[in-house]
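Remarks on the structure that follows.
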Amino acid sequence: MDLREVADELYALPAAEFTASRNAAAGKAGTPLAADIRGLRKPSAAAAAVNALVREHPDVVDAILDVGDRMREAFAERDRTAIRELTGERQRLLQKATSSAGTASPAVLREVEDTLQAAVIDAAAAAAVRSGLLVRSLESTGVDQVDVSDAVALPVDVEAATVAHTARKTTRAAANAPAHAEPTETPSERRERERRIRTAEKALERARTDADALDDELDEEVDRRTDLEAERDALARRLERTQDELAESRAAERELRRRITQAQAALREAEKAVRAARD
């Protein structure tokens with residue numbers, strides 16, 4: 660058994676069982692494999708939940724990652740209708756995935772959703788999730804490529820997603836033209852017909868150039884809007900986490916004020932007792 664096979668078994672376990680199982684596996688292995696096994700990092704709670712989803716609900720994870728592949732193709736092909744449809748499908752699948760993640764805490768579920776969202780957006784993050792060897796959660800800004808160098812227990816083969824670009828082909832009307840010319844066409848008529856064809860082809864080329872320029876502008880605007888939406892979503896998640904932390908801080912403050920009040924009352928009682936003893 661090699662290191663990758665051992666890792667695949669270990670990262671299929673709940674996080675609470677990881678350390679003991681890793682040490683047991685290292686104890687059974689010979690050198691240098693034992694040292695490599697001991698070097699495997701324990702996954703965070705969110706990473707363990709995603710690893711479990713990959714193994715226990717592969718259909719859900721595959722559907723999410725398939726949406727990511729299709730969205731990248733839709734953006735490359737500037738298919739706005741497909742992008743809108745896939746965005747809604749992505750949200751439904753992310754909700755289904757987090758509901759399948761068991762009884763994790765809200766904070767862990769947010770990290771699970773962030774990780775899957777990163778996998779939808781970024782091909783490298785998708786490869787890391789597919790490996791089932793995550794040790795930490797992932798997050799994408801929607802702008803920069805997700806850094807997965809320290810996110811997986813072992814290196815994964817991350818190939819840049821190949822985006823399908825449909826080449827624009829020039830169509831010519833004479834593809835199935837008869838092999839013989841019309842016997843009634845005179846030389847002057849033939850020259851006039853060729854002139855009209857050249858004029859029409861030039862107009863077609865100008866129209867194609869104008870359409871390509873507009874397509875490029877649209878592509879840039881769609882990319883800018885997508886980046887802004889990703890930034891908005893990241894800020895919304897950050898705001899939600901900040902609100903949770905603020906609520907915890909307020910509760911801690913109230914508890915400290917209550918304890919201070921009790922301590923001050925105890926202090927006054929102690930001072931009274933000292934005065935009574937002196938009298």
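In case it helps, our numbering puts the sequence shown at residues 660 to 938. Glycine included, every Cβ here is placed at the ideal spot set by N, Cα and C. Since this is a predicted model, take the numbers as computed values, not measurements.
For residue i: DSSP bridge partner residues
i	result
L793	V811
Residue burial classification, residue i (beta-carbon count within 10 angstroms, cutoff 16)
i	result
A922	exposed
A733	buried
T868	exposed
G727	buried
D773	buried
A911	exposed
R749	buried
A836	The pLDDT assigned to A836 is 47, lower than 50, so where the model puts this residue is not dependable; a value taken from the coordinates is nonetheless given after this. A836 is exposed by the Cβ-count criterion.
T740	exposed
T825	Because T825 carries a pLDDT of 27, less than 50, the predicted location of this residue cannot be relied on, and the following value inherits that uncertainty. T825 should be labelled exposed.
V933	exposed
A984	The chain is shown only over 660 to 938; residue 984 falls outside these bounds and no answer can be derived.
A924	exposed
T757	buried
P702	buried
L745	buried
A866	exposed
A812	buried
A832	Residue placement at A832 is poorly supported in this model, since its pLDDT is 38, which falls under 50; the coordinates still yield a value, given next. Answer is exposed; the Cβ neighbour count stays below 16.
Under 8 Å between C-beta atoms of residue i and residue j
i	j	result
I696	A685	yes
A810	A787	yes
V1024	M730	Because the chain here runs from 660 to 938, residue 1024 falls outside it and cannot be looked at.
S680	L712	no
T800	A893	yes
R714	G791	yes
D878	R737	yes
V815	A784	no
A763	V771	yes
Rounded distance between the beta-carbons of residue j and residue i, thought under 8 Å
i	j	result
A704	A674	6 Å
I723	L775	6 Å
L662	L692	6 Å
V709	L752	Incorrect: roughly 14 Å between the Cβ atoms, too far for contact.
Closer than 8 Å to chain D by CB, residue i
i	result
R663	You won't find chain D in this structure, because it holds only one protein chain.
Could you check whether the region 764-782 touches the region 792-808, counting it as contact only if at least three pairs of C-beta atoms, one from each stretch, sit closer than 8 Å? Contact holds: three or more Cβ-Cβ distances are below 8 Å.
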